[in-house]
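One structure is given here, and the rest of the page talks about it.
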Amino acid sequence: MASKSNEPEPGFAQRSTLYQEFLAEREEILRHKWIESEKQGKDIGFERALLDWIRKHRESWRSTRNKKLGK
């Protein structure tokens with residue numbers, strides 16, 4: 201049984217840099233999904249939007265984001 205000292209503090213994940221990066225990337229993917237779905241006149245689905253965004257936009261998005269964040 202884990203002691204209380206081993207448990208992460210409440211909200212730890214939500215404040216982590218990794219989680220914040222995940223949320224920002226997810227927001228961009230959802231934006232891409234909306235734009236591409238509008239272009240095609242139908243919902244393209246999250247998985248297709250995800251793969252398309254990764255192939256076409258992720259690298260430049262990360263580069264721009266890192267410059268803005270001073271990384």
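Quick note: the sequence shown uses the working numbering, first residue 201, plus one each step.
By construction, the Cβ of each residue, glycine as well, lies at the ideal position given by its N, Cα and C atoms.
Closest by C-alpha distance to residue 265, out of 238, 221, 252, 230, is 221. Closest in alpha carbon position to residue 254, among 213, 231, 218, 211, is 231.
Taking residue 233 as the centre and dropping the five residues before and after it, the same chain places the C-beta of 244, 246, 249 closer than 7 Å to its C-beta, in chain order. Where residue 232 is concerned, the enclosing alpha helix (DSSP H) starts and stops at 217-240. Note that the C-beta distance between residue 261 and residue 236 is not below 8 Å.
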